[in-house]
Amino acid sequence: MSRRVNESTSFLLPSINENAGTEESSPAASTSCFSCGCLAQYAYSTIISTALGVVCFLLWLQLLAVQYQLHKEEEEIQHLENEMKHQAPEIEHISERVEQEHQATLYHLAGTFVLIGGLITMFHMRQHMENMHVPSVQRKILAILAMSPIYSLTSFLSLVFPSMSGKLSIIKDCYEAYVIYQFLSFLIAVLGKGDRSVVVELLSKHAD
């Protein structure tokens with residue numbers, strides 16, 4: 392009987408010892424696993440922190456580059472403004488000279504046409520004065536022809552002296568009214584032989 396108990400006891404002891412060894416080794420294994428997890432998490436955090444630091448450093452370098460570029464452009468703008476201030480009198484002088492040349496060109500063109508128109512008108516007036524065969528009609532023609540040089544001369548003077556344009560326009564308007572009167576007199580002299588009633592009757596017939 393005692394032998395059987397010893398055998399059964401000896402049979403159970405190894406299993407108990409094995410379980411005890413397993414229970415003793417489990418804390419060490421769990422401790423090693425925890426240490427590995429902490430190391431991995433620390434390494435991951437270190438990598439993320441390093442990457443963020445590199446990105447921040449690159450952004451800082453880019454910000455410095457942008458600030459340097461802005462400062463350089465501001466200096467260039469300031470330099471250009473200084474040059475413009477120094478060249479302002481010269482630019483103003485060139486602008487005045489161009490304006491004067493433009494005005495001179497206008498004066499030359501206007502004066503040329505005034506001269507040409509005056510010469511042509513004077514030629515026709517001279518021809519009428521040398522061949523005054525019908526004075527009652529030709530005097531009116533001379534008055535009408537004189538409108539061209541008077542108009543051209545007053546317009547030229549208004550261009551050269553703008554302050555006198557009002558007075559010169561009065562002269563033009565007055566002579567225009569006189570030319571209209573002379574033209575009606577010319578029609579009466581040519582169509583009615585000096586008789587106004589004949590011209591009125593003739594015009595009334597054409598009006599009907």
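Residues 392 to 599 in our numbering are what the sequence shown spells out, letter by letter. Here a beta-carbon is modelled for each residue, glycine too, at the ideal position from N, C-alpha and C. This one's a predicted model, so the numbers in the text were calculated from it and none came from an experiment.
- Within the segment 459 to 491, no alpha helix (DSSP H) run of at least 4 residues lies entirely inside it.
- For the pair Ile541 and Phe577, the CB atoms are not nearer than the 8 Å cut-off.
- Exclusion of the five residues before and after Leu593 leaves Leu582 and Gly583 as the residues of its chain whose Cβ lies within less than 8 Å of its Cβ.
- Take the alpha-carbon of Gln469 and the one of Glu483: they are about 21 Å apart.
- Between the segment 542 to 561 and the segment 498 to 510, the count of C-beta pairs closer than 8 Å reaches three or more; the two stretches touch.
- Ranked by how close their Cα comes to the Cα of Ser539, the residues Tyr566, Ser556 and Gln529 have Tyr566 in first place.
- About 6 Å separates the CB atoms of Leu559 and Leu548; that is less than 8 Å, so the two are in contact.
- Under a 10 Å Cβ-count criterion, Ile579 is classified as buried, with 16 or more other Cβ atoms of the shown protein chains found around its own Cβ.
- Per DSSP, reduced to three states, the secondary structure at Val525 is coil, with no helix or strand assignment.
- In this structure, Phe574 is the residue among Leu471, Phe574 and Glu466 with its C-alpha nearest to the C-alpha of Gln529.
- With contacts defined by Cβ atoms closer than 8 Å, Leu497 and Leu550 form a contacting pair.
- In this structure, DSSP gives Ala456 a helical state, which the three-state scheme calls helix.
- Of the other Cβ atoms in all chains shown, fewer than 16 fall within 10 Å of the Cβ of Lys463; this residue is therefore exposed.
- Burial state of Val570 is buried, judged by a 10 Å Cβ sphere holding 16 or more other Cβ atoms.
- Bounds of any alpha helix (DSSP H) do not take in Asp586, whose DSSP letter is neither H nor E.
- Counting of Cβ neighbours within 10 angstroms places Lys531 among the buried residues, the total reaching 16 or more.
- As the crow flies, the alpha-carbon of Thr437 is around 36 Å from that of Leu461.
- Excluding residues up to 5 positions away in sequence, Ser543, Leu544 and Phe547 lie with their Cβ nearer than 7 Å to the Cβ of Val505 in the same chain.
- The residue among Cys429, Gln494 and Val590 with its C-alpha nearest the C-alpha of Phe552 is Gln494.
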